[in-house]
Structures are given as structure tokens and as C-alpha cells.
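Student:
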Amino acid sequence: MKLHQYDDALASHMRALNVAKMIFLDGNFTITECLTNIGTVYREMKDYLKAFEYFENALKNEKENPTRGNLLRLALTYDQMGICLCYQDAIQNGFEYRMKAVRLLGKIYARI
Numbered sequence: 011m012k013l014h015q016y017d018d019a020l021a022s023h024m025r026a027l028n029v030a031k032m033i034f035l036d037g038n039f040t041i042t043e044c045l046t047n048i049g050t051v052y053r054e055m056k057d058y059l060k061a062f063e064y065f066e067n068a069l070k071n072e073k074e075n076p077t078r079g080n081l082l083r084l085a086l087t088y089d090q091m092g093i094c095l096c097y098q099d100a101i102q103n104g105f106e107y108r109m110k111a112v113r114l115l116g117k118i119y120a121r122i
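Structural data, given as C-alpha cells:
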């Protein structure tokens, strides 16, 4: 994405998501990763609403993980959602999402 080939990146990640949905059940981390990657591309394109939507879907998918969602992945997703909100001038709301990420990280790493 450093080459700003966002359309190609988006198409590749969308294909990966479609394949992942054919192979895996909802809640699988591969689907979460695909959704997060798509959200990241949209964020880089400065389409923060669309990015937030994909991060939100990644969060929902991770919460459906039957083996309990990965706290690190959840924290990353909350942080990405907070960044999108901050870029949209929803600073307080963005801060709240980013603090959710910090609290989750605190459960993983004792020094945070």
C-alpha cells in the first residue's frame, strides 16, 4: 500500500475475504484478518466511514469466535476504530475506543 495501489490491494483483500468465507465458519480469525485488512486499506484511502464499518465487522466476527476472541486482535480492532473516529473529528468517541484497546492490552500485559 506504500505505492498507493489501493484499488489493487482492496480487490485482493476482497477476494481473500470471499475465499475465507467459503472455507471457514463465522468467528474464524482468518475472516477477522481479512476484514481488518480491508478496513486498513479504506483508512489509508481516507474513507473513514467505510474503514470503521469493516473494523466493526471484524470486531463482530472476532466476538463470534467459539474458542474465545483473541484479546490482542480485539484491542487492535478497537484501536483502528478509534483512529477512524479521530480522523472524523469525533475525538472523544475515538478516545473511548482507543481506551478500550488499552484496557484489553492491560489484561494481556501486566505493565500496561
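Numbering-wise (this note's numbering), the sequence shown opens with residue 11 and increments by one. Quick reminder that beta carbons are idealized off the backbone N, C-alpha and C, glycines included.
1) Fully enclosed by the segment 75–114, which alpha helix (DSSP H) runs are 4 residues long or longer?
2) Between which two residues does the alpha helix (DSSP H) holding alanine 26 run?
3) Between the Cα of methionine 24 and the Cα atoms of Leu13, Thr40, Leu35, which residue gives the shortest distance?
4) Please name the residue, chosen from Glu74, Asn47, Pro76, Asn75, that lies closest to phenylalanine 62 on a Cα-to-Cα basis.
5) What runs of the beta strand (DSSP E), each 3 residues or longer, lie entirely inside the segment 41–79?
6) What is the DSSP secondary structure of glycine 116, counted as helix, strand or coil?
Tutor: In terms of the structure at hand:
1) 81–97
2) 16–33
3) Thr40
4) Asn47
5) none
6) helix
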